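Chains as they are written, first to last, in my numbering: chain V, 12 to 395; chain L, 42 to 151. Even glycine gets a Cβ: it sits at the ideal position worked out from N, Cα and C. Note that the structure is predicted; figures quoted are calculated from it, not measured.
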């Protein structure tokens, strides 16, 4: 009961300075919204990438020349397929297309015409010349629907007409936003790529634990190759999002610094009124422990409210409203950028870390100066 | 004690909301893993996809795992590309106000 009475007194004390308290609460909440948005979004995207791409190629073999990615001879697939443990080595044909009409970059991908139908494709995969399936982003930016025609400029600078046979559903936007899929042979002609070359090789390995060994053997058999294992691919995504998270956090550090300056100002500059209040409380019989408890409640009341409000707001912004503020920052130069509605993967450790790093410093900055005032003689404190 | 009661009630409500949100997130992630993930993984497996279609502005952002590691400066996946230029220059591109529809001979209007 005594503690509740002290809390009541702390709340009354905060409400005696309504403007100052409201200002601190707003700034504090906004800071937590920003930090929590970054942490929630980057963690959700990272987890989603790792989950989605877990069924990607076990091994991709690229060829490098003069320090750059180079087209690989299709014959190299036979060399790789002959390595013990390899079940298949399939040449992949893919590349990029800059659409000057919209300023967007598309990723063009060749598929085997015998591929099964896809659940996330409205329509069907392209089967022959002059057909393609496109991502929802391409469909939106070019304003085309299934059975419409899409005109692209090929390697010979001649317009090529493709009938859209399917559009990837919005649920797959994170994977297919800028994708344009067509059969291998027409794509080779479109790019002007010789039939004996491919972009890279996708390799299937019978035993997943042998992937690294196979990668080493590929490197020995084809010295100019660069094997990329699925493990490396997933590790890239950990690094990419950590880096981006870190970069954004560095940018938002200025906001954090401003908040710290405010908290420090509050900590060092205990006002004369507050000092007098502490002195009077001590004079009427409050213990130092009671004064400290009062100040701890004052700090905790503000910071707990700000944290809960800020985190709930950030959660809504990221998982329901598509991160409207951060999305603009993340979008960068991309013309096609999928709507950010990541699956809500939340790391409880991150929530706890955020709570600890924001609540504890604020409460400490409230209690420490009060402790200094509370341990001095009440008469001296009131006379200051 | 009215302020104390109101504050504790509001805080408890917000804490319950937070727990509810975390519970919803856990359930949604589990539902996604059960219902939607298999179809997405089928797409990844059939098309041999290696990267997310998030940033299509450059090779190293569209396919960070496939990019050539050795090209100097901008093509390195760890290089801070477009920074600080990207932070100062707003990306602009052509925004066509009209569209051109091309039809084959003999096709009806839409």
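If you measure from the beta carbon of residue 368 (chain V) to each beta carbon in chain L, is any gap under 8 Å? Numbered from its first residue, the first chain carries residue 368 (chain V) at position 357. So, not an interface residue.
The beta strand (DSSP E) spanning residue 4 (chain V) covers which residue range? As displayed, chain V neither begins before 12 nor continues past 395, which places residue 4 (chain V) out of reach and without an answer.
Under three-state DSSP, which class holds residue 121 (chain V)? The residue labelled residue 121 (chain V) in the question sits at position 110 within the first chain. If DSSP states are grouped into helix, strand and coil, residue 121 (chain V) belongs with the strands.
Contact between the region 164-173 of chain V and the region 55-73 of chain L: three or more CB pairs below 8 Å? no
The region 208-229 of chain V: which residues have C-beta closer than 7 Å to a C-beta of chain L, in chain order? Contacts with chain L (Cβ-Cβ distance below 7 Å) from the region 208-229 of chain V involve 213, listed in chain order.
Taking only beta carbons into account, state which residues of the region 93-113 of chain V come closer than 8 Å to chain L, listed in chain order. 101, 103, 107, 111, 112, 113
On the premise that residue 133 (chain V) lies in contact with residue 93 (chain L), defined as a C-beta separation below 8 Å, what is that separation, rounded to the nearest angstrom? Position 52 of the second chain holds residue 93 (chain L). Position 122 of the first chain holds residue 133 (chain V). About 21 Å; that fails the 8 Å criterion.
With a threshold of 6 Å on Cβ separation, who are the neighbours of residue 68 (chain V) within its own chain once the five nearest residues in sequence on each side are excluded? Here residue 68 (chain V) refers to the residue found at position 57 when the first chain is read from its first residue. Around residue 68 (chain V): 213.
Helix, strand or coil for residue 138 (chain V) per DSSP? Here residue 138 (chain V) is taken as the residue at index 127 of the first chain, counted from 1. Under the three-state reduction of DSSP output, residue 138 (chain V) falls in the coil class, being neither helix nor strand.
8 Å contact criterion, which residue 349 (chain V) and residue 95 (chain L) should meet: CB distance rounded: Your numbering for residue 349 (chain V) matches position 338 in the first chain. Your numbering for residue 95 (chain L) matches position 54 in the second chain. Confirmed, Cβ separation roughly 7 Å.
Starting from residue 56 (chain L), find everything on chain C with Cβ-Cβ shorter than 9 Å and list it in chain order. The structure shown contains no chain C; the protein chains it does contain are V and L.
Can you look up residue 130 (chain V) in the DSSP assignment and give me helix, strand or coil? Locating residue 130 (chain V) in the first chain gives position 119, where the first residue counts as 1. Residue state, collapsed to three classes: coil.
Exposed or buried, residue 98 (chain L), counting other C-beta atoms within 10 Å across all chains shown (16 or more means buried)? Working through the second chain from its first residue, we reach residue 98 (chain L) at position 57. Classification of residue 98 (chain L): buried, given that the 10 Å Cβ count is 16 or more.
Indicate whether the contact test is met: 3 or more Cβ pairs, each with one atom in the region 266-274 of chain V and one in the region 38-48 of chain V, closer than 8 Å. yes
With H, G and I counted as helix, E and B as strand and the rest as coil, what does DSSP make of residue 94 (chain V)? Counted from its first residue, the first chain places residue 94 (chain V) at position 83. Looking at residue 94 (chain V) - three-state DSSP - the assignment turns out to be coil, as it is neither helix nor strand.
Can you pull the chain V neighbours of residue 143 (chain L), defined as C-beta to C-beta under 9 Å? As a working note, residue 143 (chain L) is residue 102 in the second chain. Ordered by position in chain V, the residues that pass the 9 Å Cβ test against residue 143 (chain L) are 160, 162, 170, 172.
Does residue 182 (chain V) come within less than 8 Å of chain L when only Cβ atoms are used? Here the question's residue 182 (chain V) lines up with position 171 in the first chain. With a threshold of 8 Å between beta carbons, residue 182 (chain V) makes contact with chain L.
Hey, residue 151 (chain V) and residue 365 (chain V): beta-carbon distance below 8 Å or not? As a first step, residue 151 (chain V) is located in the first chain; it is residue number 140 there, counting from the start. As a first step, residue 365 (chain V) is located in the first chain; it is residue number 354 there, counting from the start. No, these two residues do not count as a Cβ contact at 8 Å.
Please classify residue 114 (chain V): does DSSP put it in a helix, a strand, or coil? Start at 1 with the first residue of the first chain, and residue 114 (chain V) comes out as number 103. Three-state DSSP puts residue 114 (chain V) in coil, outside helix and strand.
Residue 229 (chain V) and residue 96 (chain V) - do their beta-carbons sit closer together than 8 Å? As a first step, residue 96 (chain V) must be located in the first chain, where it is residue number 85. As a first step, residue 229 (chain V) must be located in the first chain, where it is residue number 218. No, they are not a contact pair.
Reduced DSSP category for residue 215 (chain V) - H, G, I as helix; E, B as strand; rest coil: Here the question's residue 215 (chain V) lines up with position 204 in the first chain. DSSP places residue 215 (chain V) in strand when its eight states are reduced to three.
Along chain V, in chain order, which residues have C-beta atoms closer than 9 Å to that of residue 103 (chain L)? On the second chain, residue 103 (chain L) is found 62 positions in, with the first residue counted as 1. What residue 103 (chain L) touches in chain V: 107, 116, 118, 189, 345.
Quick one: does residue 80 (chain L) have its CB under 8 Å from some CB of chain V? Taking the second chain and counting its residues from 1, the one referred to as residue 80 (chain L) is at position 39. With 8 Å as the cut-off, residue 80 (chain L) counts as an interface residue toward chain V.
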